[in-house]
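A.B. asks: Have a look at the structure that comes next, please.
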Amino acid sequence: LFSVYCLLMTLFSVEQAETRLARFLAFVIVIGYLMYPVKKTGHSPNHIPWYDIVLMVVGAGSFVYFSVNAVDIMMMGTRIGTLEVVLGICGIAVLIELCRRCVGIPIIVVVGCLLIYAFYWQFSHGADAYRALSNIVQKLFYTTSGVIGTPTNVCYTYIVLFIIFGAFLERTGIANFFISFANRLAGWSSGGPAKVAVISSALCGMVSGSSVGNTVTTGSVTIPMMKKTGYRPEFAGAVEAASSTGGQIMPPIMGAAAFLMAEYMGIPYIQVAAIAIIPALLYFGGIFCTVHLEAKARGLKGIPFNELPTWIYLLKNCYLIIPLVVLVWIVSAGIYTMAVSAAISIFVAFVIGFIHFLLTNWEERTEEDTFGSVLLETCKTALWTAAVAVACALAGMIAGCITVTGLASMLINAIVLAAGDFLIIGLILTMLCCIVLGMGVPTTANYCIMAATCAPILIQLGVPLVCAHFFVFYFGILADITPPVALAAYAGSAIAKSKPMKTAVTASRLGIAAYIVPFVFAFCPALIMQVPVEPYMVVLNTAMALFGLFGVASGLQGYLFGKINPILRVLAIVAGVAIMIPMSEADGIASLGINAIGFLFVFGVFAYQKLVHGKKDKGTKATA
Numbered sequence: 001l002f003s004v005y006c007l008l009m010t011l012f013s014v015e016q017a018e019t020r021l022a023r024f025l026a027f028v029i030v031i032g033y034l035m036y037p038v039k040k041t042g043h044s045p046n047h048i049p050w051y052d053i054v055l056m057v058v059g060a061g062s063f064v065y066f067s068v069n070a071v072d073i074m075m076m077g078t079r080i081g082t083l084e085v086v087l088g089i090c091g092i093a094v095l096i097e098l099c100r101r102c103v104g105i106p107i108i109v110v111v112g113c114l115l116i117y118a119f120y121w122q123f124s125h126g127a128d129a130y131r132a133l134s135n136i137v138q139k140l141f142y143t144t145s146g147v148i149g150t151p152t153n154v155c156y157t158y159i160v161l162f163i164i165f166g167a168f169l170e171r172t173g174i175a176n177f178f179i180s181f182a183n184r185l186a187g188w189s190s191g192g193p194a195k196v197a198v199i200s201s202a203l204c205g206m207v208s209g210s211s212v213g214n215t216v217t218t219g220s221v222t223i224p225m226m227k228k229t230g231y232r233p234e235f236a237g238a239v240e241a242a243s244s245t246g247g248q249i250m251p252p253i254m255g256a257a258a259f260l261m262a263e264y265m266g267i268p269y270i271q272v273a274a275i276a277i278i279p280a281l282l283y284f285g286g287i288f289c290t291v292h293l294e295a296k297a298r299g300l301k302g303i304p305f306n307e308l309p310t311w312i313y314l315l316k317n318c319y320l321i322i323p324l325v326v327l328v329w330i331v332s333a334g335i336y337t338m339a340v341s342a343a344i345s346i347f348v349a350f351v352i353g354f355i356h357f358l359l360t361n362w363e364e365r366t367e368e369d370t371f372g373s374v375l376l377e378t379c380k381t382a383l384w385t386a387a388v389a390v391a392c393a394l395a396g397m398i399a400g401c402i403t404v405t406g407l408a409s410m411l412i413n414a415i416v417l418a419a420g421d422f423l424i425i426g427l428i429l430t431m432l433c434c435i436v437l438g439m440g441v442p443t444t445a446n447y448c449i450m451a452a453t454c455a456p457i458l459i460q461l462g463v464p465l466v467c468a469h470f471f472v473f474y475f476g477i478l479a480d481i482t483p484p485v486a487l488a489a490y491a492g493s494a495i496a497k498s499k500p501m502k503t504a505v506t507a508s509r510l511g512i513a514a515y516i517v518p519f520v521f522a523f524c525p526a527l528i529m530q531v532p533v534e535p536y537m538v539v540l541n542t543a544m545a546l547f548g549l550f551g552v553a554s555g556l557q558g559y560l561f562g563k564i565n566p567i568l569r570v571l572a573i574v575a576g577v578a579i580m581i582p583m584s585e586a587d588g589i590a591s592l593g594i595n596a597i598g599f600l601f602v603f604g605v606f607a608y609q610k611l612v613h614g615k616k617d618k619g620t621k622a623t624a
């Protein structure tokens, strides 16, 4: 019912934002406290404790009161009464507790620190305790600069629909189709199962909207397959975590963040998806290089051809991607609004799922292939929507605290002052801010926080708008594989039964491209087509970046045709980074010289390794 309500209200409601968003969060609180217990273990199934019922009623009641009396409360302005202050405190507290249950502690720590600072700011401007409390509650609870701010609005308008779309899409069997397609494409090569994990996680992850959720979903299939092939448990878990995290930057959906980015930057969605293609190509290119080198180093084989899905099977089931194609086509054509496009795609996914059910042989059907399973999937959708909506509400609180205290301008001024004339210093400091603020935060809420806090810093430093937003989005997402709070890596390690921290470090090494590429397009906007440039220059810079990533990957992995000694490893890494420095017609000979030197050194390491280990291989064969 909640999913259907969200669908209908998004399509047809003309109520003002305060009314519909407050009611939306009231429903979210009800579902959240029905489904998320106070502890993950030790609770009785099908039992709701009395204190959860109290919290649910009080929290939902606070938002319902606001929804019903929205016009009167807005007329009060900052002169809200004691009842409104008490209800606002109750609503915020209940929301924070629900966030602890369904999202995690890290985002609450950030909110807590900012709330303390907000009170300090109020006191420093002469407010007494009650007035400070009233002002903060009014700002964070009763205006669109707090819990019902832009993140919640975008969640209600777009994200809910695309979560429903993703759930129906998954029910059609598209995840299994993606895995089968990846198996056919790369499963036969050296260490094929790891390459299958990279491809399938990229395809599934762009729809899932969660690095951790995608790691658990596809990882349950790919990680055991990798371990069986011979990959180390830490490496298997890391490959899945890095690939699943990369799924969030994979166009056209980008974990629903593409729609948020279009909203924040004021550009068409299809332009966001087009811009994301080259960075995503480089990210997964880097992972592919490392996976291939690991397979070669361990002498790992691929999946036998007789165990791979046939092309005939894939052709018979290619109709499963029709909903995704329809979505991209409708949005690209600009025929309907985003909400209507999503609704049409949901309907198409439902129809395709029904067709798939009819075409599946009776013997092959499972208990999942029923109409009841579709209803169950819609229930799961509501559950996941609740978690995302709560995260977005707290992201709105973070943005509200930063706005009301002027902290954003202070942070911008501090980093701009520290950077001076050196853009690289500003980029590094912003990167650290993004990784810290993004720890443990779902993709969509993550971007909302980055857009409010970190993107303005880069814009102030002179980085173009789109480059700034992509930079902070990438590093916010990378928090999922960056120690110490690398949630996706920890999820992968749980399935792989490996050491969590070692898995996180390996995942960071695998995703090295994502740590380098944002710096590249911050210095060279032409790479993501933000300044006029000839197409051949984009192709040339992309090819050079891929070759540079190969050098970096071989240096970090310590293997090419054989083990690389430490000096050559460092040389390969430095030379690889030199190759990735974008070449432009304006820079001329200077950038071309750096690229050429880097290319010569990487090629030199390559030739030396081939020469030395080629002789060893010949000697080994002769002895045999």
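Per our numbering: the sequence shown = residues 1 to 624.
Ideal placement from N, C-alpha and C gives every residue a C-beta, glycine not left out.
From a predicted model like this one, the values you see are computed outputs, not experimental measurements.
Taking Cβ positions, are Thr290 and Ala553 nearer each other than 8 Å?
C.D. replies: Against a cut-off of 8 Å, the Cβ pair of Ala553 and Thr290 comes out as a contact.
A.B. asks: Find out if the Cβ-Cβ distance for the pair Leu140, Ile89 is shorter than 8 Å.
C.D. replies: Their beta carbons are not under 8 Å apart, which means Leu140 does not touch Ile89 by this criterion.
A.B. asks: Please report the distance separating the alpha-carbon of Ala414 from that of Leu600.
C.D. replies: Cα-Cα distance, rounded: 40 Å.
A.B. asks: Secondary structure at Tyr313, three-state DSSP: helix, strand or coil?
C.D. replies: Helix at Tyr313.
A.B. asks: Kindly indicate which three-state DSSP category Tyr156 falls into: helix, strand or coil?
C.D. replies: In the structure shown, Tyr156 sits in a helix (DSSP, three-state: H, G or I).
A.B. asks: Whole-angstrom Cβ separation of Ser180 and Tyr313, contact assumed at under 8 Å?
C.D. replies: Indeed they touch by this definition, with Cβ atoms about 7 Å apart.
A.B. asks: Give me the Cβ distance between Phe521 and Ile512, rounded to the nearest whole Å; I'm assuming they're in contact under 8 Å.
C.D. replies: In fact, because the Cβ distance is near 16 Å, the residues do not count as touching under 8 Å.
A.B. asks: What does the alpha-carbon distance come out to for the pair Gln271 and Phe475?
C.D. replies: Spanning the two alpha carbons is a distance of roughly 21 Å.
A.B. asks: Can you check whether the CB of Cys448 is closer than 8 Å to the CB of Ala382?
C.D. replies: Not a contact, by the Cβ cut-off of 8 Å.
A.B. asks: How about Ala496 and Thr503: do their beta carbons lie closer than 8 Å?
C.D. replies: A contact, by the Cβ cut-off of 8 Å.
A.B. asks: With a cut-off of 8 Å on the beta carbons, I'd call Ala241 and Ile477 a contact; round off their distance for me.
C.D. replies: Rounded, the Cβ-Cβ distance is 12 Å, inconsistent with contact.
A.B. asks: If you draw a straight line from the C-alpha of Val538 to the C-alpha of Ile277, how long is it?
C.D. replies: About 12 Å.
A.B. asks: Can you give the beta carbon distance from Ile626 to Val466, rounded, assuming they're within the 8 Å contact cut?
C.D. replies: No information on residue 626 is available, as it lies outside the stretch 1 to 624 that the chain covers here.
A.B. asks: So, are the CB atoms of Met544 and Ile567 less than 8 Å apart?
C.D. replies: Not closer than 8 Å, so no.
A.B. asks: In chain order, which alpha helix (DSSP H) runs of at least 4 residues are fully inside the stretch 470-500?
C.D. replies: Listed in chain order, the complete alpha helix (DSSP H) runs (minimum 4 residues) inside the stretch 470-500 are 487-496.
A.B. asks: Whose CA, out of Phe63, Tyr5, Val58, lies closest to the CA of Leu25?
C.D. replies: When each option's Cα is compared against that of Leu25, the closest is Phe63.
A.B. asks: Between Thr82, Ile80, Val94, Glu18, which lies nearest to Ile31 when the distance is taken from Cα to Cα?
C.D. replies: Among Thr82, Ile80, Val94, Glu18, the Cα nearest to that of Ile31 is on Val94.
A.B. asks: When we look at the beta-carbon of Ile73 and count the other beta-carbons within 10 Å, is it buried (16 or more) or exposed?
C.D. replies: Its Cβ being crowded by 16 or more others within 10 Å, Ile73 is buried.
A.B. asks: Say whether the stretch 181-189 touches the stretch 130-144, bearing in mind that this needs 3 or more beta-carbon pairs closer than 8 Å, one atom from each stretch.
C.D. replies: No, they do not touch.
A.B. asks: Candidates Pro525, Gln557, Ile459: which alpha carbon is nearest Thr542's?
C.D. replies: Ranking Pro525, Gln557, Ile459 by Cα distance to Thr542 puts Pro525 first.
A.B. asks: Among all the DSSP beta bridges, which residues are the ones paired with Lys563?
C.D. replies: Looking at the DSSP assignment, Lys563 forms a beta bridge with Tyr559.
A.B. asks: Between Ala389 and Cys155, which are expected to be in contact by the criterion C-beta below 8 Å, what is the C-beta distance as a whole number of angstroms?
C.D. replies: The Cβ separation is near 5 Å, so the contact holds.
A.B. asks: Just tell me which of Val147, Thr222, Gly247 has its CA closest to the CA of Phe235.
C.D. replies: Per the Cα distances, Thr222.
A.B. asks: Note down the Cα distance separating Gly302 from Pro193, rounded to an integer number of angstroms.
C.D. replies: Approximately 7 Å between the Cα atoms of the pair.
A.B. asks: Compute the Euclidean distance between the alpha carbons of Arg569 and Ile594, then round it to the nearest angstrom.
C.D. replies: Looking at the two C-alpha atoms, the distance is approximately 19 Å.
A.B. asks: Name the residue from Asn317, Asn153, Leu293 whose alpha carbon lies nearest to the alpha carbon of Phe259.
C.D. replies: Residue Asn153 is the option with its Cα nearest to Phe259.
A.B. asks: Buried or exposed for Tyr231, going by 16 or more other Cβ atoms inside 10 Å?
C.D. replies: When all chains shown are included, Tyr231 counts as buried.
A.B. asks: At a Cβ threshold of 8 Å, is Gln122 touching chain C?
C.D. replies: The question asks about chain C, but that chain is absent: this structure has only one protein chain.
A.B. asks: To the nearest angstrom, how far is it from the Cα of Leu517 to the Cα of Leu282?
C.D. replies: The sequence given here has Val at residue 517, not Leu. If I take the Cα positions, the gap works out to 8 Å.
A.B. asks: Are the CB atoms of Ala197 and Thr218 within a distance shorter than 8 Å?
C.D. replies: Cβ atoms of Thr218 and Ala197: closer than 8 Å.
A.B. asks: Could you round the C-beta distance between Leu549 and Gly576 to whole angstroms and report it? I think they count as a contact, below 8 Å.
C.D. replies: Right, the Cβ-Cβ distance comes to about 7 Å (below 8 Å), so this counts as a contact.
A.B. asks: Looking only at C-alpha atoms, which of Leu203, Asn135, Leu359 sits nearest to Arg79?
C.D. replies: With distances taken between Cα atoms, Arg79 lies closest to Asn135.
A.B. asks: By Cβ distance below 8 Å, which residues in the same chain neighbour Ala625 in space, the five residues on each side in sequence not counted?
C.D. replies: Look at the range of the chain in this structure, 1 to 624, and you will see that residue 625 is not part of it.
A.B. asks: With the cut-off set at 8 Å, would you say Phe350 and Phe168 are in Cβ contact?
C.D. replies: In contact: Phe350 and Phe168 (Cβ atoms closer than 8 Å).
A.B. asks: With distance defined between alpha-carbon atoms, name the residue in Ala238, Pro535, Ile164, Val109 nearest to Lys499.
C.D. replies: Lys499 has its Cα closest to that of Ala238, out of Ala238, Pro535, Ile164, Val109.
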